[in-house]
Structure formats: C-alpha cells, structure tokens
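The structure appears right after this line, and notes come after that.
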Amino acid sequence: MAGDEHEETWDEFRELVNMKPGDLEKWLDSEQSQSAGQHVDGGESTGHASGRRIVGIMHARKGDLTDDDYRHMRKVIGYIRRHLAQRPTGDVRDTRWRHSLMNWGHDPLA
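For the sequence shown, the residue numbers in this note's numbering are 27 to 136.
Structure (structure tokens):
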C-alpha cells in the first residue's frame, strides 16, 4: 500500500471504529461478545478475533503499523460498512447485529 492509501485507510478506520480500546476490550470479555458472530468448529468467532486485533492496532503507534495491519483495517472498514447497510428495523440495542458490529469495534448506538 502506498502512503496515500495508508492515510485514507487510517482516516476511515478511525471514523468507523468508534469504540475506545478499553471499552472494546471490556466488551470482548463479555459473554454477549463471545456468543456473537460465526464460529468455526466451536472456536472463537471471526469478529471476536478481529476485535482483539483491532485493540492491538489501536494501541500501536501509527508509524509502527505494517501493511498487514492496514489490510486488516480495510477488512474492518468493509465489514462495518456492509453491516451498517443491513441495519434491521426496530430497537437494535440487544441484537446479534449490534453485538457483531461491536466485536469489530463499532457500536451503532454510540
């Protein structure tokens, strides 16, 4: 990725990942977080693993981020944008849709 792409990715990531690292870590420790998303062979869900990686990215200095980190940030951006477009009707406060988004660092009620 070129420097301009990194800047664009950084800006979009910071805009869409609206949970603070400590709040995301606390959320990831919750039972609701661990039960949301797709689980492969009963293990950790893809979103939950992504959330742990997001916390690491958020704690890192921008200059220390790798191309692989930026690729993951693009994946996060795509996931959040796709799922926001699929918002269910009604109160989403306690839905798997919201919980899944929160695993990816975005709380739609924030």
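We treat Cβ as the ideally placed atom computed from N, Cα and C, and that holds for glycine. Just so it is clear, the structure is predicted and the values come from calculations on it, not from any experiment.
State yes or no: is the C-beta of M45 within less than 8 Å of the C-beta of G131? Start at 1 with the first residue of the sequence shown, and residue 45 comes out as number 19. Start at 1 with the first residue of the sequence shown, and residue 131 comes out as number 105. Contact: yes.
Does the count of Cβ pairs from the stretch 119-131 and the stretch 53-63 closer than 8 Å reach three? yes
Specify whether the stretch 99-117 and the stretch 29-41 touch according to this definition: at least 3 beta carbon pairs, one from each stretch, less than 8 Å apart. yes
Inter-residue spacing [alpha-carbon to alpha-carbon] between T121 and E31: Taking the first residue of the sequence shown as 1, we reach residue 121 at position 95. Taking the first residue of the sequence shown as 1, we reach residue 31 at position 5. Using only the alpha carbons, I get a separation of about 34 Å.
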